[in-house]
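Here my numbering is used: position 199 in the sequence shown is 199, and no number is missing along the way.
Remarks on the structure that follows.
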Amino acid sequence: MAKTLGICSDCLKRRPTESQPFIISAHRKARVPFGFCYPPPKEKGGVLCKLCQNQCQLKEGQLSFCGMKKNEKGKLVSLGGTKEKGVLECYFDPLPTNCVGSWVCEGSKKIGMKNLSIFYGSCTFNCLFCQNWHFRYLAKDLEPFYSAQEIGQSIDRDTFCICFFGGDPSPQIYHALEVCKLAQKSKVRICWETNGAMDRGLLEKMAEYSLKTQGTIKFDLKAFDPNLHYGLCGVSNQQVLKNFEFLAKKFLPQAKGIFLLASTLLVPGYIDEKEIENLSRFIASLSKEIPYSLLGFFPDFLMSDLPFLKKSEADRYLSIAKSAGLKRVHLANLHLLV
1 MAKTLGICSD CLKRRPTESQ PFIISAHRKA RVPFGFCYPP PKEKGGVLCK
51 LCQNQCQLKE GQLSFCGMKK NEKGKLVSLG GTKEKGVLEC YFDPLPTNCV
101 GSWVCEGSKK IGMKNLSIFY GSCTFNCLFC QNWHFRYLAK DLEPFYSAQE
151 IGQSIDRDTF CICFFGGDPS PQIYHALEVC KLAQKSKVRI CWETNGAMDR
201 GLLEKMAEYS LKTQGTIKFD LKAFDPNLHY GLCGVSNQQV LKNFEFLAKK
251 FLPQAKGIFL LASTLLVPGY IDEKEIENLS RFIASLSKEI PYSLLGFFPD
301 FLMSDLPFLK KSEADRYLSI AKSAGLKRVH LANLHLLV
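Below, the structure is given as structure tokens:
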């Protein structure tokens, strides 16, 4: 059990009302040092943001949960995520790179070419185990930042693909979509790594770019049980599962090659056999061909006191996913297993 959360998996699942004070306390510890609120603001009469499932309602001067929107004089103002300003880090990675989907991606074969990685400094979740938690410094400081034009101009003939991740691309999706628009001329593949909680219309636009360029969309499915997900990530997973199902049904039949992927971080003591079984069955019910990657855990952020995962446990989870009917299952981060 993680000390900061102070409550076990069983209690999160079976005693949600009693778990509430523990959850609120832990998630505030993760956010207050960076100047962010918890839970997502729902101010009566406040200005509504519709970018994601959180549906923040902001009073005068208040920041959204992701930190990229603010109510200024009754209007919703973007602090990042516009065409002119994306709060992010960007860099080129030689292929093959450490992309979560590299084990099934065409890019892993493109030795000599490179990936343009766009790491957004904002997120709509608040995962206590976050492996990229330093994005919070970007969101707090609102820098570094780049225009979509600057990033578009950096794409050259050796760029095979672009990956939008973070944090999460959804709070700054309009910046990302503008980069996609500019990148069309270069015919690079467009890929996304996301928590999947964005507005459905925005998800469709993301999917269309990936479908057109033979890129991929990878959902990080944190947990299946809604109470467990809420405890670990601070928000619901309802929209995530609905969006994943939507992509599988609407876009997967049209896709050439790998289009939709999933991954789950194997958080010791919280993501157990039942969680992997339920997630695997959910994915398999949509298509048994969807690649699913199980990720070895590194103790970090507010769950740094958890142990590394045992190799025997990871192998068992792998077998469970295969038994659920999935044909493409992968165990990643083997160096982190003990």
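We treat Cβ as the ideally placed atom computed from N, Cα and C, and that holds for glycine.
### Query
Are the region 145 to 163 and the region 252 to 268 touching by the rule of at least three beta carbon pairs closer than 8 Å?
no
### Message
Please give me, in chain order, every unbroken run of the alpha helix (DSSP H) with length at least 4 that falls completely inside the region 86 to 172.
### Response
135 to 141 and 148 to 154
### Message
Please state whether the Cβ-Cβ distance between Ile-190 and Gly-166 is less than 8 Å.
### Response
no
### Query
What residue from Pro-171, Asn-195, Ala-148 and Ser-186 has the CA that sits closest to Val-179's CA?
Ala-148
### Query
Ordered along the chain, which non-local residues of its own chain (more than five positions away) have a Cβ less than 6 Å from that of Glu-193?
Phe-165 and Lys-218
### Message
Could you tell me which whole beta strand (DSSP E) segments of length 3 or greater appear in the region 285 to 336?
### Response
Listed in chain order, the complete beta strand (DSSP E) runs (minimum 3 residues) inside the region 285 to 336 are 292 to 295 and 329 to 332.
#### Entry: Supposed close pair Cys-130, Phe-301 - CB separation, criterion 8 Å
5 Å
### Query
Taking just the CA atoms, how far does Gln-184 sit from Ala-30?
38 Å
### For Cys-191, the residue or residues it bridges with in DSSP
Cys-163
### Query
Which of helix, strand or coil does DSSP assign to Leu-58?
strand
#### Entry: C-alpha gap between Gly-81 and Cys-66, whole angstroms
11 Å
### Query
Under the three-state reduction of DSSP, which class applies to Thr-82: helix, strand or coil?
coil
#### Entry: Burial state of Thr-17, where buried means 16 or more other Cβ atoms lie within 10 Å
exposed
### Message
Between which two residues does the alpha helix (DSSP H) holding Ala-26 run?
### Response
16 to 31
#### Entry: Nearest-angstrom Cβ-Cβ length linking Ile-258 and Val-104, presumed shorter than 8 Å
5 Å
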